[in-house]
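Student: Got a structure for you, written out below as structure tokens; questions coming shortly.
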Amino acid sequence: MKCRRCRGPAVIDIRRHNAAFCRDCFLRHCREQVKRAIKDHEMIVPGDRVLVAVSGGKDSLALWDLLAELEIEADGLYLGLGIGDYSDESGRHARDFAVARGRRLIEVDLREEYGFDVPVAAAATRRAPCGACGLSKRHLFNDVALREGYDAIATGHNLDDEAAVLLGNVLRWETGYLGRQAPVLPNAPGFVRKIKPLVRLGEREMAAYCVLTGIDYQVDECPMAQGNRHLGLKEVLDALEERSAGAKAAFLFGFYDRGREHFLEEAAAERGDLRPCPECGSPTTSELCAFCTLRDRATGENVPVHLRRAPVGD
Ligand code: Q46
Ligand code: ZN
């Protein structure tokens, strides 16, 4: 197996590109894919302050590294979710990475700052932990970015993640979510721009990037991931990809180019009239935002019933 670019011995093959690469050409391929995603979707403009959501896993650490390689200065944000040893280990990987490279890592601990953690929230809401966890992450990324004056929040969602989310939304015809599924969500009053610079790179490529660059990442899966329906969707897409290389990328990029536009109206309508949450100021269509509703349930605070309207997990 030879490298497509330099004809040297290849270390990885990527079937959807019908190509194999040596180490250096593969790293260059990753940088090019991120650069192209940023340019095609106008994710970052010069002078932007970027905050990377860092979990300690392969995707977020590779993203932080790739942005630096492209001379995009970015700080990191790590959220302590309180998921036992898994969170302890994740935090250690994120901190070690930041210290070794002299980067700023902002840390927010859910339990210390808000009085609950993901397992407690899951028990209080009697729903799969990923609902409460995802909701908390979305809220806190935005909240910290707003408070600290960042222009964009970069997350490590890769091609496999995004294709799985898309399949899930299509299977249930979640038209509002379909309208909002994009590699970049522009800023709006109360919302910092969200960007996904890894959408052109797959899960296997991100793991290879970390191994080849010596990034020490959290390999263990989150113990609360059972019941996360994305895992099943990924398996379905992997089976399709196995039969037909490039199927995932065609599915996702075809949607961005020709599908999403059909759902924009629904997405806008679902957003309705946003107003500030009386407790935290975040934009919400309910009387109390979903995060504050979750926090109150998880901490057992006595909130009047009429304020507990925001659906948890939206
Ligand atoms: S951390 Fe949180 Fe993930 Fe664990 S509880 Fe689910 S969403 S699986 S990326
Ligand atoms: Zn709120």
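Residues in the sequence shown are numbered consecutively from 53, following the working numbering. Cβ atoms here follow ideal geometry from the backbone N, Cα and C, with glycine treated the same way.
(1) For Arg114 and Pro330, what's the separation of their Cα atoms in angstroms?
(2) Relative to the ligand ZN, is the shortest distance from any of its heavy atoms to the C-beta of Ser334 smaller than 7 Å?
(3) Are the CB atoms of Gly186 and Gly143 within a distance shorter than 8 Å?
(4) I'd like the list of long-range same chain contacts for His81, defined as Cβ closer than 7 Å, with 5 residues on each side in sequence excluded.
(5) Per DSSP, Pro328 is paired with what?
(6) Is there contact here, the segment 276-284 with the segment 234-241, by at least three beta-carbon pairs under 8 Å?
(7) I want to check one thing, is the minimum distance from the CB of Phe343 to the heavy atoms of the ligand ZN below 7 Å?
(8) Using a 10 Å radius around the Cβ and a threshold of 16 neighbouring Cβ atoms, would you call Val357 buried or exposed?
(9) Jot down the residue ranges of each uninterrupted alpha helix (DSSP H) in the segment 243-327, minimum 4 residues, whole runs only, in chain order.
(10) Taking 7 Å as the line, does the beta carbon of Cys329 fall inside it for any heavy atom of the ligand ZN?
(11) I want to know whether the segment 217-230 touches the segment 125-136 - three or more CB-CB distances under 8 Å.
(12) Return yes when at least one heavy atom of the ligand Q46 lies under 7 Å from the C-beta of Val106, else no.
(13) Indicate the three-state DSSP secondary structure (helix, strand or coil) for Arg178 in the structure shown.
(14) Is the segment 301-316 close to the segment 208-215, with three or more CB pairs under 8 Å?
(15) Look up Ile90 in the DSSP assignment and say whether it is helix, strand or coil.
(16) Please state if the CB of Leu157 and the CB of Val106 are separated by a distance shorter than 8 Å.
(17) On the DSSP letters alone, give me the boundaries of the beta strand (DSSP E) that Glu159 sits inside.
(18) Using 8 Å as the threshold, is the C-beta distance between Gln233 and Glu141 below it?
(19) By alpha-carbon positions, which one of Gly136, His209, His69 and Glu294 ends up nearest to His282?
(20) Please name the residue in Leu103, Tyr229 and Val63 whose C-alpha comes closest to that of Glu318.
(21) To the nearest angstrom, report how far apart Leu79 and Ala299 are at their CA atoms.
(22) At the level of alpha carbons, what is the spacing between Asp272 and Met258?
(23) With a threshold of 7 Å, establish whether the CB of Leu133 neighbours any heavy atom of the ligand MN.
(24) Tell me whether His314 is buried or exposed, calling it buried when 16 or more other Cβ atoms sit within 10 Å of its Cβ.
(25) Got a sec: does the ligand ZN put a non-hydrogen atom nearer than 7 Å to the Cβ of Leu326?
Tutor: Reading it off the structure:
(1) Arg is not the amino acid found at residue 114; the sequence shown has Ala there. Ala114 and Pro330 have their C-alpha atoms roughly 38 Å apart.
(2) Relative to the ligand ZN, the nearest heavy atom lies less than 7 Å away from the CB of Ser334.
(3) Taking 8 Å as the Cβ cut-off, Gly143 and Gly186 do not qualify as a contacting pair.
(4) Excluding residues within five positions, the ones whose Cβ falls inside 7 Å are Phe73.
(5) Its beta-bridge partners are Pro335.
(6) In short, these stretches do not touch, since the Cβ pair count stays below three.
(7) Under cutoff, so the answer is yes.
(8) Only weak support is given to the placement of Val357: the predicted model assigns it a pLDDT of 48, under 50, and the value that follows is read from those uncertain coordinates. By the 10 Å Cβ count, Val357 comes out exposed.
(9) The DSSP assignment places 255-265, 281-295, 299-306 and 316-323 as complete runs of the alpha helix (DSSP H) inside the segment 243-327, in order along the chain (cut-off: 4 residues).
(10) Yes, Cβ of Cys329 sits closer than 7 Å to a heavy atom of the ligand ZN.
(11) Short answer: they don't touch.
(12) For the ligand Q46, not one heavy atom lies less than 7 Å from the Cβ of Val106.
(13) Assignment of Arg178 by DSSP, reduced to helix, strand and coil, places it in the coil class.
(14) Of all C-beta pairs linking the segment 301-316 to the segment 208-215, three or more are shorter than 8 Å, placing the two stretches in contact.
(15) Ile90 falls in the helix class under three-state DSSP.
(16) Yes. Within cutoff.
(17) Start and end: Leu157 to Asp161.
(18) Between Gln233 and Glu141, the gap from beta carbon to beta carbon reaches 8 Å or more.
(19) Comparing Cα positions, the closest option is His209.
(20) Ranking Leu103, Tyr229 and Val63 by Cα distance to Glu318 puts Tyr229 first.
(21) Whole-angstrom Cα-Cα distance: 23 Å.
(22) The straight-line gap from Cα to Cα measures roughly 15 Å.
(23) What this structure holds is the ligand Q46 and the ligand ZN, not the ligand MN.
(24) Burial call: exposed.
(25) For the ligand ZN, not one heavy atom lies less than 7 Å from the Cβ of Leu326.
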